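Oh and the sequence shown: position 200 is 457 in the working numbering, straight run, nothing missing.
For glycine and all other residues, C-beta sits at the position ideal for the given N, C-alpha and C.
This structure is a prediction, so every number in the text was calculated from the model and none was measured.
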Amino acid sequence: MPRPLTRIQREKQDIILDAALDIFSVHGFRGATIDQIAEAAGMSKPNLLYYFPRKEEIHKRLIAEMLDIWLAPLREFSADGDPVPEIRSYIRRKLEMSRDFPRQSRLFANEMLQGAPRTIDMLAGDLKRLVDEKVKILETWMDQGKITRTDPYHLIFSIWATTQHYADFDAQVRAVLGPDRGGDGRFEDAARFLENLFLHGLLPKKA
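Right under this line is the structure:
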C-alpha cells in the first residue's frame, strides 16, 4: 500500500492541479506541456514530475474530479419530486456550474472536441448509467402525463448544451450582451429564459 501523502504533499498536488487546469482549459491536452504546467505552478519540472510523472496522469485526475463536480446536479435529479421544480432546479444548478467552474467546463469541451480519447470509458460507463437512470424518471413523468412526451436523452443533451454554453463561450456571450448586460446578472437572465424555454415546451397543453 502506498504511504499516505503528507499535508505539504497534498498542497503541492493541489497547486499543480490548479495550474494544470488553467493550461489544459486553454490549450487542450495536446497543446499543453509539462513545462507550461510547471511554470504556472511556480515550481521546477523535476519537482512537478515527482508528484505526477506523466502529463496523462494530471489530465486524468482533473477529468475525474471535474466529472464528479459536473454530474452532481444530475445525481440530485429526484423521482420523488415534481417535474417542474426538479427540471427548473436542474437548469439553475447547471448554470451555477458554468458560472463557478468555467475552467472545468472548457477542459471537458476540449477533451470532447478531440474525440474523448482519454475519457470514453468514463462516458460510456458511469456517465451513461447515470443518464439512463434519469431518463427513466423522465419517462415515468411522461407516462403519468405530467410532462409532454419527448426524447428524454435529447432533452438532457439540450440542457447541457444551453447551460454549458455560458462557460465554454463566455467571451462571446459577454461581448454580444455588452457592458450593460454582460455582468454577473447574465446568469440570472439566462436561468429565467431557459426555464421558460424548456418548461413551456414540456408542460402538457390544456384541452
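1. Figure out for me which residue from Asp357, Lys351, Ala418 and Met379 has the closest Cα to the Cα of Ala366.
2. Less than 8 Å between the beta carbons of Arg349 and Ala448, yes or no?
3. Quick one, are the C-beta atoms of Lys317 and Pro330 less than 8 Å apart?
4. In the DSSP assignment, find the unbroken alpha helix (DSSP H) run with Phe450 in it and report its ends.
5. Terminal residues of the continuous alpha helix (DSSP H) containing Ala432?
6. For Ile273, which of helix, strand or coil comes out of DSSP?
7. Count the other CB atoms within 10 Å of the CB of Gln361; is the residue buried (16 or more) or exposed (fewer)?
8. Label Ala276 either buried or exposed according to how many other C-beta atoms from any shown protein chain fall within 10 Å of its C-beta, with 16 as the threshold for buried.
9. When DSSP labels each residue in this structure, what does Gly382 get in the three-state scheme?
10. Thinking C-beta only, is Glu390 closer than 8 Å to Pro409?
11. Check each candidate in Glu353, Asn304, Val341 and Glu296 and name the one with the smallest Cα separation from Gly442.
12. Can you grab the Cα-Cα spacing for the pair Gly253 / Thr405, in whole Å?
13. Enumerated in chain order, which unbroken segments of the alpha helix (DSSP H) with a length of 4 residues or greater are wholly contained in the stretch 320–408?
14. Could you round the C-beta distance between Ile413 and Val430 to whole angstroms and report it? I think they count as a contact, below 8 Å.
15. Take every Cβ of the stretch 280–299, pair it with every Cβ of the stretch 321–330, and state whether three or more of those distances are shorter than 8 Å.
16. Just verifying my parser: in three-state terms, what is the DSSP assignment at Arg267?
17. For the alpha helix (DSSP H) that Pro303 lies in, which residues bound it at each end?
Let's see:
1. Looking up residue 366 in the sequence shown gives position 109. Checking every option, the nearest Cα to that of Ala366 belongs to Ala418.
2. Looking up residue 349 in the sequence shown gives position 92. Looking up residue 448 in the sequence shown gives position 191. Yes, the pair counts as a contact, with Cβ atoms nearer than the cut-off.
3. In the sequence shown, the residue the question calls residue 317 occupies position 60. In the sequence shown, the residue the question calls residue 330 occupies position 73. Not closer than 8 Å, so no.
4. Translated into the one-based positions of the sequence shown, residue 450 becomes position 193. Where Phe450 is concerned, the enclosing alpha helix (DSSP H) stretches over Gly442 to Leu459.
5. Taking the sequence shown and counting its residues from 1, the one referred to as residue 432 is at position 175. Taken as a continuous stretch (DSSP letters only), the alpha helix (DSSP H) holding Ala432 covers Asp427 to Arg438.
6. Along the sequence shown, read from residue 1 onward, the residue named residue 273 stands at position 16. Helix, per DSSP.
7. Mapped onto the sequence shown, residue 361 falls at position 104. Burial call: buried.
8. Locating residue 276 in the sequence shown gives position 19, where the first residue counts as 1. Label assigned to Ala276: buried.
9. Translated into the one-based positions of the sequence shown, residue 382 becomes position 125. Gly382 falls in the helix class under three-state DSSP.
10. For the purposes of this step, residue 409 is taken as the residue at position 152 of the sequence shown. For the purposes of this step, residue 390 is taken as the residue at position 133 of the sequence shown. No; because the gap between Cβ atoms is not below 8 Å, this pair is not in contact.
11. Within the sequence shown, residue 442 is the residue found at index 185, counting from 1. Minimum Cα distance to Gly442 is reached at Glu353.
12. The question about residue 253 has no answer, for the chain in this structure spans 258 to 464.
13. Taking only runs of at least 4 residues, the alpha helix (DSSP H) segments lying wholly in the stretch 320–408 are 329–332, 340–357, 359–370 and 385–400.
14. For the purposes of this step, residue 413 is taken as the residue at position 156 of the sequence shown. For the purposes of this step, residue 430 is taken as the residue at position 173 of the sequence shown. At roughly 22 Å, the Cβ-Cβ gap does not stay under 8 Å, so Ile413 and Val430 are not in contact.
15. no
16. Along the sequence shown, read from residue 1 onward, the residue named residue 267 stands at position 10. Here Arg267 sits in helix by DSSP.
17. Within the sequence shown, residue 303 is the residue found at index 46, counting from 1. First-last of the alpha helix (DSSP H) with Pro303: Lys302 to Tyr308.
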